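Positions 1 to 831 (UniProt numbering) are the ones given, in order, by the sequence shown. Notes follow the structure.
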Amino acid sequence: MTAVEGDRVAGDAYDARALQDKWQARWAEDNPFTASEDPGDTRPRRYVVDMFAYPSGDLHMGHAEVYAIGDVIARYHFQRGENVLHPIGWDSFGLPAENAAIRNGTHPAEWTYANIETQAESFRRYGISVDWTRRLHTSDPEYYRWNQWFFTKFFERGLAYRKDGLVNWCPKDQTVLANEQVVQGRCERCGSEVVRRSLNQWYFRITDYAQRLLDDMDQLEGKWPDEILTMQRNWIGRSEGADVRFAIEGRDEPVTVFTTRPDTLYGATFFVVAADAPLAEELCTEEQREAFEAYRAQVAKLSDIERQSTEREKTGVFLGRYAVNPVNGERIPVWAADYVLADYGHGAIMAVPAHDQRDLDFALKFGLQVRPVVDTGEDDPARTGLATAGEGTLMNSGPLDGLSKAEAIPRIIEIIEERGTGAGTINYRLRDWLLSRQRFWGTPIPIVHCPACGEVPVPEDQLPVTLPDDMRGADLAPKGISPLAANEAWVNVDCPSCGGPAKRDTDTMDTFVDSSWYFLRYLSPNLATAPFSEDEVKRWGQVDQYIGGKEHATLHLMYARFFIKALHDMGMVEFTEPFARLLNQGQVINRGKAMSKSLGNGVDLGAEIDTYGVDAVRLTMLFAGPPEDDIDWADVSPGASLKFLGRAFRVMVQAGEASAPGTDPATGDKELRKATHRALAEISAAIEDHRFNVAIARMMELVTAARKAIENGPGAADPAVREAAEAIAVTLSLVAPYAAEEGWERLGHKGSVAIGNWREPDPALLVREEVTAVVQVNSKVRDKLQVPPDIDEGELERLALASEKAQGFMEGKTVRRVVVRAPKLVNIVVG
1 MTAVEGDRVA GDAYDARALQ DKWQARWAED NPFTASEDPG DTRPRRYVVD MFAYPSGDLH
61 MGHAEVYAIG DVIARYHFQR GENVLHPIGW DSFGLPAENA AIRNGTHPAE WTYANIETQA
121 ESFRRYGISV DWTRRLHTSD PEYYRWNQWF FTKFFERGLA YRKDGLVNWC PKDQTVLANE
181 QVVQGRCERC GSEVVRRSLN QWYFRITDYA QRLLDDMDQL EGKWPDEILT MQRNWIGRSE
241 GADVRFAIEG RDEPVTVFTT RPDTLYGATF FVVAADAPLA EELCTEEQRE AFEAYRAQVA
301 KLSDIERQST EREKTGVFLG RYAVNPVNGE RIPVWAADYV LADYGHGAIM AVPAHDQRDL
361 DFALKFGLQV RPVVDTGEDD PARTGLATAG EGTLMNSGPL DGLSKAEAIP RIIEIIEERG
421 TGAGTINYRL RDWLLSRQRF WGTPIPIVHC PACGEVPVPE DQLPVTLPDD MRGADLAPKG
481 ISPLAANEAW VNVDCPSCGG PAKRDTDTMD TFVDSSWYFL RYLSPNLATA PFSEDEVKRW
541 GQVDQYIGGK EHATLHLMYA RFFIKALHDM GMVEFTEPFA RLLNQGQVIN RGKAMSKSLG
601 NGVDLGAEID TYGVDAVRLT MLFAGPPEDD IDWADVSPGA SLKFLGRAFR VMVQAGEASA
661 PGTDPATGDK ELRKATHRAL AEISAAIEDH RFNVAIARMM ELVTAARKAI ENGPGAADPA
721 VREAAEAIAV TLSLVAPYAA EEGWERLGHK GSVAIGNWRE PDPALLVREE VTAVVQVNSK
781 VRDKLQVPPD IDEGELERLA LASEKAQGFM EGKTVRRVVV RAPKLVNIVV G
């Protein structure tokens, strides 16, 4: 039984709780993972960042996985003697805190900071190798002051602006949602069905960077998961085509539509406007007003996903007006429909039903003309009900007749440009970042609205605009406008420009603003004069390795990339991508399903740690499979991990008791030395390739080899056993830090095993002098031979045929064929 004697854990049994108590106190005192701030430190620098946690409660199983992965990477570079920055922080604004405050009648800060302290203690317990001196919380005024500073700088550059627009509205949380925060028509936070409404909102002009966001992905190829890059490209959605201007009868200005198939202009037989776009209301005639208003109310209940579904029956209403096709002068009817979205292109389309299935479905339902203009060799769409969207030859298209699609597109663009009715252009699916939120617990938008001066940014010397302390509970309840609007003492201010009476903007910022630059703040978290030290950014550069969930593929990652490009244009950073490498982890599930309270299948991280210890839980997480795969906790065994740790710990203790540091391993058992150095080489390669499960398997093999040497070989005092035990401690420190630290100390070493102790394998010991050749008779293994790795096929065949064991299965039979795969296999076919 293990016992604690002062600062020493006695005995050779692995006692997880005793080691945790001892080494948590030691690490808190020594702070071994603090990054050097000395500009003269010439060690290679490595910046490793885990996506930071939201303090909604204590750490859960998902946290256990992602932070174990990040910790292995950071510890590996600590071990290699690099100057590693591995910071920690909390993404501490957001709706959960505000909703908890409403329920409990408190201020959101109380719930937030209490949870942060709970999580901080759990992080310490979990043994994460973080630099606690750089800890930050995004809800601190010292942090969100710089959100406001960035906003004012973006405002000055035209990147922050306000406009009326249709927005996604969560009726439960009473706030606006960005498109990315709507999942299958529902709020990603609370699951409520999202509706569309018109509001005046603040945006960041991320669309100005659409092409650069695409082009700069070349820097990330092979370094980010292909799946994430594909998702980003699809979300940006670059389309080449043309803007075509359609005259509208009774309207002075034409309406522009974007199309990727301008070659089909002659086939446009009607015109469709998004039912919820202001344009539809403007174009509707009085005779059609009642029908249109009823239809628009119906469409408002639908999500964008439902509206764009190809399976849903098309609906619409005629607006009583006609457009004029710019290439043939035809009058075509203008309809409002639900399958066109107000925020795509210009909120209107030319409908070419013969060659677009949604347009065809609509045309057939409402009896509109279908005119094929591309001869694909298929039957008439009006008869079959199937649009012909393939390649073919243009027809019914005047000057385009006989041309292929590739020939017709540039020709029609020339024609509309000559006539002044359009131009070739590029369109993007990406929309500007909607950042207004009608809730309290977020960064106040630093704008004052003055009747005389308009929108006035709060001067830098008046930042931060802090949240009021006197609002709590019911004061924060959703009202459809920000709760801040009711706090007159906070809202009413003097205009910073003219000194007259004015009002603060009462919306707060999307919390993705907080997480778009926090990795820069880590570099100088206490700096009071700027958001970050530009010198420190130059010293550390971009994040070398970023770790987090793939659910952030089109939200956080896109916004962080935009932020860095904007800061690069402002001369504040030299790089144009925030994260050089990205590693995504899978989910921790239970019995094939995601864990949830409603399903009753949650696994409590704290309970698992109490039962098995931190080392065993971490080891189990990392050994379960590649980091990007899901882990089903029902299929893994922390108990088995605990038994392995006990075996590894005894090897280190026995070696430490039998010999002292400094023993020359060259005089030790040669086979064990080879096993040790092969393990070091293979573990290093596996860690570099993020195959942590493979690295652990090699650690297990090394422990087995060392135990055999102790129990059946030269014994614990052999110098090769000490070398193996030290290699076990060093490599095990990546995944099971408590066992490794204690084992290192029991081996007689001072200081932490985690810093600068990596052992490079001896190339001479990696050479395999012999390999095992399997001898088969009729594909069944009958013998194994130890042969030189460079043996030729003739010699290997001779040895196999001479094998006594193999000959026993060949008696009385004829050798018909011998298959040789030197140096590892011979199959003798007899009959």
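Glycine included, C-beta positions come from ideal geometry on N, C-alpha and C. It should be emphasised that the depicted structure is a prediction, and the values quoted were computed from it without experimental measurement.
CA nearest to the CA of T138, picked from V573, V543, T511 and V703: T511
Just to confirm, are P714 and T667 a CB contact at a threshold of 8 Å? No, Cβ-Cβ distance for P714 and T667 is not below 8 Å.
Identify the continuous alpha helix (DSSP H) that holds D71 and give its terminal residues. For D71, the enclosing alpha helix (DSSP H) begins and ends at M61 to Q79.
Alpha helix (DSSP H) segments (min. 4 residues) lying fully within the region 494 to 556: Within the region 494 to 556, the complete alpha helix (DSSP H) runs of at least 4 residues are 518 to 521 and 534 to 540.
Assumed close pair L279, G347 - CB separation to whole angstroms, cut-off 8 Å: 6 Å
Less than 8 Å between the beta carbons of R124 and Q232, yes or no? no
For E811, I'd like the list of residues in its chain whose CB is within less than 7 Å of its CB, leaving aside the five on either flank, ordered along the chain. none
Could you tell me the alpha carbon to alpha carbon distance between D380 and F563, rounded to whole angstroms? 50 Å
For R409 and M217, what's the separation of their Cα atoms in angstroms? Residue identity differs from the one stated: residue 409 is Ile in this sequence, not Arg. Approximately 28 Å, taken between the alpha carbons.
Please classify R746 as buried or exposed, where buried requires at least 16 other C-beta atoms within 10 Å of its C-beta. buried
Need the endpoints of the beta strand (DSSP E) that E240 sits in, please. R238 to I248
In its own chain, which residues sit with a C-beta less than 6 Å from the C-beta of R816, not counting the 5 before and 5 after it? V829 and G831
Does DSSP classify Q20 as helix, strand or coil? helix
Taking the alpha-carbon positions, what's the P749 to S733 distance? Position check: residue 749 holds His in this sequence, whereas Pro was assumed. If you take the alpha carbons of H749 and S733, they lie about 14 Å apart.
Opposing strand residues paired with Q288 [DSSP bridges]: Q288 is not bridged to any residue.
From this set, H60, N83, P32 and W27, which residue's C-alpha is nearest R45's C-alpha? N83
Own chain residues within Cβ distance below 7 Å of L599, not counting five before or after: Non-local beta-carbon contacts of L599 in its own chain, meaning distances under 7 Å to residues more than five positions away in sequence, involve K593 in chain order.
Taking the C-alpha atoms as reference points, what is the distance between F151 and R521? 16 Å
Compute the distance between the beta-carbons of R431 and T175, then report whether it is under 8 Å. no
If you follow the alpha helix (DSSP H) that T667 is part of, which residue opens it and which one closes it? Premise fails: T667 is in no alpha helix (DSSP H) and is neither H nor E.
Best match in P444, E286, A736 and F52 for proximity to F644 [C-alpha to C-alpha]: Checked all of P444, E286, A736 and F52; the closest Cα to F644 is A736.
What's the gap between the Cα of A3 and the Cα of E65? Residue confidence is low: A3 scores 43 on pLDDT, short of 50, so the model does not pin down where it sits. No coordinate-derived value is stated.
Could you tell me whether the region 525 to 544 touches the region 209 to 228, where touching means 3 or more Cβ pairs closer than 8 Å? Contact fails: fewer than three Cβ-Cβ distances are below 8 Å.
Closer than 7 Å by C-beta to V777: which residues in its own chain qualify, once you throw out the five before and the five after it? Chain order, please. Listed in chain order, the non-local C-beta contacts of V777 below 7 Å within the same chain comprise A806, F809, M810, I828 and V830, local neighbours out to five positions each way being set aside.
Taking 6 Å as the limit between beta carbons, can you name the residues of its chain near P372, skipping five residues before and five after? A354
Once DSSP output is grouped into helix, strand and coil, what is the label at F644? helix
Mind the definition here: the region 140 to 150 touches the region 501 to 518 only if three or more C-beta pairs lie below 8 Å; say whether that holds. yes
Suppose only complete runs of 4+ residues qualify. What are the alpha helix (DSSP H) ranges in the region 654 to 732, listed by chain order? 670 to 688, 692 to 712 and 719 to 732
Checking 8 Å against the spacing of the C-beta atoms, do L265 and I412 come in under that value? yes
Given a cut-off of 8 Å, decide if T676 and E723 are closer than it, judged by their beta-carbon atoms. yes
Within 8 Å, do at least three Cβ pairs link the region 354 to 364 to the region 280 to 288? A contact between stretches requires three or more CB pairs, one per stretch, nearer than 8 Å, and the region 280 to 288 fails this requirement with the region 354 to 364.
Can you tell me whether DSSP reads M1 as helix, strand or coil? Low local confidence applies: a pLDDT of 33 at M1 is under 50, so the model's placement there is unreliable, with the coordinate-based value given in what follows. Collapsing the DSSP output to three states places M1 in coil.
Under 8 Å Cβ to Cβ from V167, same chain only, skipping five residues before and after it: list those, please. The residues are V176, L177, R196, R197, S198, L199, Q201 and L434.
Continuous beta strand (DSSP E) assignments of at least 3 residues falling wholly in the region 581 to 607: 582 to 585 and 588 to 590, all fully within the region 581 to 607.
With a threshold of 16 other CB atoms inside 10 Å of the CB of E5, please say whether the residue is buried or exposed. Residue confidence is low: E5 scores 45 on pLDDT, short of 50, so the model does not pin down where it sits. Its coordinate-derived value is still stated next. Under this definition E5 is an exposed residue.
Which of the three DSSP states, helix, strand or coil, is assigned to I631? strand
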